[in-house]
Amino acid sequence: MAAEPTAQQLTAQHRPTLDRALEAIRTRAYWSPHPEHPKAYGENGSLDLAAGKAAFDALLGTRLDLGQPGTDDWVGGETSPYGVELGVSYTHADLDVLLPAMRAGMRAWRDAGAETRAMVCLEILKRISDRTLEFAHAVMHTSGQAFMMAFQAGGPHAQDRGLEAVAYAYAEQVRTPDTAEWTKPQGKRDPLALTKRFTPVPRGIGLVVGCNTFPTWNGYPGLFASLATGNAVLVKPHPRAVLPLALTVQVARQVLAEAGFDPNLVALAAERPGEGIAKALATRSEIRIVDYTGSTEFGDWLEANARQAQVYTEKAGVNTVVVESAGDYKGMLANLAFSLSLYSGQMCTTPQNLLIPRDGITTDQGPKSFDEVVADLAQAVDGLLGDDTRAAGLLGALVNPGVKDRLEAAGGLGEVALASRAITHPEFPDAVVRTPVIVKLDGAKPDAEAAYMSECFGPVSFAVAVDSATDAAELLRRTVREKGAMTVGAYTTSPEFEEQVREVCLEEAAQLSLNLTGGVYVNQTAAFSDFHGSGGNPAANAALTDAAFVANRFRVVEVRQEA
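Numbering (my numbering), first residue to last: 2 to 564.
This is how it looks when you write it as C-alpha cells:
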C-alpha cells in the first residue's frame, strides 16, 4: 500500500508544474502538461486504450458509493446518447446533513494556506489525468461527443482548464503578503508600529451546476477555483451527465483524505428523476458561490435570485461570423465547414449566423455572389461529411431530443441551402446522428430577424444576406449587445473593415477570431492562452479563466496588533 503523500512531497512533485502554469498565464504562450493523444497515457498503446474502456465498462450497472454523510437514497438513470444504458447508481444526499459536514473541514483547509491547497488540487488533477482514458468514455457516453473529442475536451483540455484556475487562484491569494511590519513616523514621539497579518478566507460552500454537453471542461474551472481558494465544493451534475463528475468527486475525496484533510470538502449532489434541486440548492444560505453553464433562462434566474452567493454564469449567445472578403477562399470554406460540423454544433462557441453581403464578396478565386458563397459552403460541409464513418467521428450524437427538434424545425424558417441527413453510426446504431442544416435568410425581413436573433443550439446555421459590410458590422454589434456571443469570427482582406470589426468586438466585449483558414477554429479555445467568453456581454458574466474568475471567491481578512 502506497504511503499517504505529505505536504512536502506534494510540493516537491507539483510545484514545478504550478510554476510553469503561472508562467503560461503570464506569457499566454502555448503550454500543456496533459498530452492530447490517447497513446500517451500508458506504455502499451492499444492495450492501454482497451484498459480504459474496460475500466469504464466495469462501472456500468454498479453503485458508486462516495462515502458521503447524509445518504438517504440511491439515484441514477443515465442513458448514453449512443443508446447504451449506463445503469450507474449514485448516493442521494440529505442536504441538511451533508452541508454542515462540508463546512466542518473548512477551517483546516483555510489554515493550510494557498500553496498547500494548490498542491492538493494538482494531485487531484494528476489522479484524474492518470484515468483519462476511462474518463473519456464516461464523457462520450453522457455528452454524445465522439470518442476523440470526448478524450481531448473531456480529458486533457478539461484538466488544463482546472490547472489554469488553480494557477490564477494561487496568484491572486499570494498577491498580498502573509505578514507586514508597519511603522509610521511621529516626529519627536515614538513611531507607531503594528504587526499585520493577512489571511485569505473562503466565502463558504461553492456550488458547481454541471452541464450535459461538457461536464468536465465546463465543470473543472469553477470546482478548482473554489477549492484552491479555501472553499468546500458541492457538485450538482446534470441528470444526464452524472458519471464524469461523480468520478471527479471520488478522486478529489480520496486525495483530500490521503493529504490529511476532510474528504467532505468535495461532495456530489445527484438528484432523483425530475427532482430539480438546482434552484433550491443555489438559494440556500450555506451556498456562497455558484458556477453555472447552461441555458440563458436559468442563468438569468440564478443571477437574479441567488443573492447570497457570488454567481458565475456561462449562458448562451448568438455567435456570428462576418464574411466581407476572403484571401483564401478554399481555406475559409474548409475552416467554416469544420466549425459548423464539430460535435454537431452542440458547443456554446459554434457559429450560428453567417453575415454575407447580398451583392457578394471578393476572393482570391474571383468575385463570389451571396448564393455562390452559401452553395460552396454547403458543398464543403457535404465533402467533409460525405463518408459516414468519418462523419460519425466528427459529429458525435445529438445530446437530447430538444436539439433534434430544433434541427428539424429550422428547415421551415427559410430557404434550405444544405439539408440535414441522418447517419447510421457504425458502432452504435441507436445513436441519433445528423449532419448540419444551413438556411438562407434575408436580413432585411422582420420574420427572418426573429430566427437569426434567437439562439438555435445545435447543428443549425443561418446564412444571412445583408445590404453591405457596414450593415454586417452593425448587425454584429446589435447581436452581441442584445443577445451576447461567446465567439465572433470575421473574414476580410480590407484593413479598414478589419479595424471596424475589431472595434465592434472591443466595444461590445466579444472574443474575435480573424481569417482562420488552417487547423485552429473559432469554436476552440486553448487554456492558459485564450479566454473563453469575456464576462462583458450577455452570453456570460465571467471568463474562463482570468483573475476576476477567482479573486472574489475569497476575501482577505487582516489582524493587526501593536508590535
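Note that the Cβ used here is the ideal one computed from N, Cα and C, for glycine as well. Note that the structure is predicted; figures quoted are calculated from it, not measured.
When the options are compared against residue i, the one with the closest alpha-carbon
i           : options               : result
residue 379 : 418, 396 and 88       : 418
residue 102 : 125, 71 and 165       : 71
residue 56  : 138, 125 and 473      : 138
residue 368 : 326, 355 and 387      : 326
residue 505 : 523, 522, 518 and 485 : 485
residue 122 : 32, 292, 252 and 75   : 252
residue 201 : 222, 262 and 115      : 115
residue 533 : 365, 63, 204 and 159  : 159
residue 140 : 344, 320 and 67       : 344
residue 228 : 248, 204, 219 and 129 : 204
residue 62  : 51, 75, 69 and 413    : 75
residue 488 : 213, 478, 509 and 514 : 514
residue 247 : 222, 169, 129 and 363 : 129
residue 592 : 33, 394, 167 and 539  : Residue 592 lies beyond the range of the chain shown here (2 to 564); nothing can be said about it.
residue 39  : 439, 132, 222 and 17  : 132
residue 180 : 197, 174, 188 and 186 : 197
residue 232 : 154, 267 and 221      : 267
residue 539 : 78, 295 and 199       : 295
residue 9   : 530, 408 and 113      : 113
residue 104 : 262, 167, 83 and 175  : 262
residue 223 : 554, 81, 318 and 558  : 554
residue 408 : 435, 6 and 199        : 435
residue 454 : 527, 480, 500 and 300 : 480
residue 606 : 547, 50, 320 and 142  : Residue coverage of the chain in this structure runs from 2 to 564, which leaves residue 606 outside it and unanswerable.
residue 429 : 86, 26 and 187        : 86
residue 416 : 302, 448, 387 and 427 : 448
Reduced DSSP secondary structure (H/G/I, E/B, other) of residue i
i           : result
residue 255 : helix
residue 138 : helix
residue 354 : strand
residue 529 : coil
residue 543 : coil
residue 326 : strand
residue 278 : coil
residue 42  : coil
residue 568 : The shown model of the chain, from 2 to 564, leaves out residue 568, and the question about it has no answer.
residue 432 : coil
residue 293 : strand
residue 559 : strand
residue 310 : coil
residue 1   : The requested residue 1 is not part of the displayed model; the chain covers only 2 to 564.
residue 492 : strand
residue 405 : helix
residue 65  : strand
residue 571 : Residue 571 is absent from the structure shown; the chain starts at 2 and stops at 564.
residue 371 : helix
residue 84  : coil
residue 514 : strand
residue 550 : helix
residue 564 : coil
residue 444 : coil
Beta-carbon gap between residue i and residue j smaller than 9 Å
i           : j           : result
residue 352 : residue 341 : yes
residue 443 : residue 461 : no
residue 184 : residue 192 : yes
residue 239 : residue 207 : no
residue 392 : residue 399 : no
residue 144 : residue 459 : no
residue 136 : residue 163 : no
residue 134 : residue 54  : yes
residue 15  : residue 124 : yes
residue 215 : residue 167 : no
residue 1   : residue 431 : Summary: the structure shown does not reach residue 1, with the chain confined to residues 2 through 564, and so no result is reported for it.
residue 581 : residue 170 : Past the boundaries of the shown model lies residue 581; the chain is included only from 2 to 564, so the question cannot be answered.
residue 467 : residue 452 : no
residue 565 : residue 493 : Residue 565 is absent from the model: the chain starts at 2 and stops at 564.
residue 11  : residue 260 : yes
Supposed contact pair residue j and residue i - C-beta distance, whole angstroms, cut 8 Å
i           : j           : result
residue 561 : residue 195 : 5 Å
residue 356 : residue 323 : 5 Å
residue 312 : residue 271 : With 8 Å as the limit, residue 312 and residue 271 do not qualify as a contact, their Cβ atoms being about 22 Å apart.
residue 382 : residue 437 : 6 Å
residue 354 : residue 463 : 5 Å
residue 339 : residue 358 : Residue 339 to residue 358, Cβ: 24 Å. No contact.
residue 420 : residue 412 : 7 Å
residue 524 : residue 348 : 5 Å
residue 306 : residue 517 : Wrong, their Cβ atoms sit about 39 Å apart, outside the cutoff.
residue 64  : residue 90  : 5 Å
residue 310 : residue 278 : Wrong, their Cβ atoms sit about 15 Å apart, outside the cutoff.
Practice task
Run through the region 181 to 235 for me and flag every whole beta strand (DSSP E) of 3 or more residues, listed as ranges in chain order.
Solution key: 190 to 203 and 206 to 210
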